[in-house]
Amino acid sequence: MADSGDYPLYSCRNCRNALAFHSDLISKSFVAKSGQAYMFSHVKNVILGRKQDKQLITGLFTIADIYCSVCGEELGWKYVRAFDLKQRYKEGHFIVEKLKIFEEY
Numbered sequence: 001m002a003d004s005g006d007y008p009l010y011s012c013r014n015c016r017n018a019l020a021f022h023s024d025l026i027s028k029s030f031v032a033k034s035g036q037a038y039m040f041s042h043v044k045n046v047i048l049g050r051k052q053d054k055q056l057i058t059g060l061f062t063i064a065d066i067y068c069s070v071c072g073e074e075l076g077w078k079y080v081r082a083f084d085l086k087q088r089y090k091e092g093h094f095i096v097e098k099l100k101i102f103e104e105y
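Quick note: full-length UniProt numbering has the sequence shown finishing at residue 105, numbered continuously throughout.
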C-alpha cells in the first residue's frame with residue numbers, strides 16, 4: 001500500500017501490516033466477536049476465506065472471513081450478500097474488529 005498521506009492508517013495489531021486509510025472508514029458503530037468493530041469500504045493486504053451463510057444480529061448474510069496477508073490473524077469479515085433488502089448497503093464492505101487493528105497517526 002503506497003503512502004498516500006491519508007492518515008490515520010489502520011494496520012494489523014499483530015504485525016503492523018497496512019490495512020486501510022481513514023478515508024475507507026464508514027462507521028465505528030458495529031459489533032463483532034471481540035466487541036466493537038469498524039466498517040470499511042475497502043481494505044488492503046487481506047486474504048478472503050470461503051463464503052458462508054451466517055445469521056448475524058441484523059439478519060442472514062453471506063460473508064467471508066478476512067485474514068491478514070502477512071501474519072494470518074483473523075481480522076473480521078466481508079459482507080458478500082445480504083438477504084434482507086434493508087441490509088444491502090453492507091454488501092461489499094468489510095467489518096474489522098477494533099481489538100485486531102492499530103490506528104497510526
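Each residue gets a CB set at the ideal place from its N, CA and C atoms; glycine is no exception. Just so we're clear, the structure is a prediction, and the values are computed from it rather than from any experiment.
Checklist entry - So, do the segment 36-43 and the segment 51-64 have three or more beta carbon pairs nearer to each other than 8 Å? => result Verdict: no, contact absent.
Q.
For Cys-68 and Ile-47, what's the separation of their Cα atoms in angstroms?
A. Going from the Cα of Cys-68 to the Cα of Ile-47 covers about 6 Å.
Report task. Flag this pair as yes or no: are the beta carbons of Gln-36 and Lys-98 separated by less than 8 Å? Result -> It is a contact, given that the beta carbons lie within the stated cut-off.
Extent of the continuous beta strand (DSSP E) run through Gln-52: According to the DSSP assignment, Gln-52 belongs to the beta strand (DSSP E) that extends over 46-56.
DSSP on Lys-28, reduced to helix/strand/coil? In this structure, Lys-28 counts as strand in the three-state DSSP scheme.
Sequence-distant residues of the same chain with beta carbon closer than 7 Å to Ser-34, five excluded per side
Here the set comprises Glu-97, Leu-99.
- Task: Round the Cβ separation of Ser-11 and Ile-66 to the nearest angstrom and send it over; I've been treating them as touching at under 8 Å.
- Result: Actually they do not touch by this definition, with Cβ atoms about 14 Å apart.
Exercise. Under a three-way DSSP split, which group does Tyr-105 fall into?
Worked result: The answer is coil: DSSP assigns Tyr-105 none of H, G, I, E or B.
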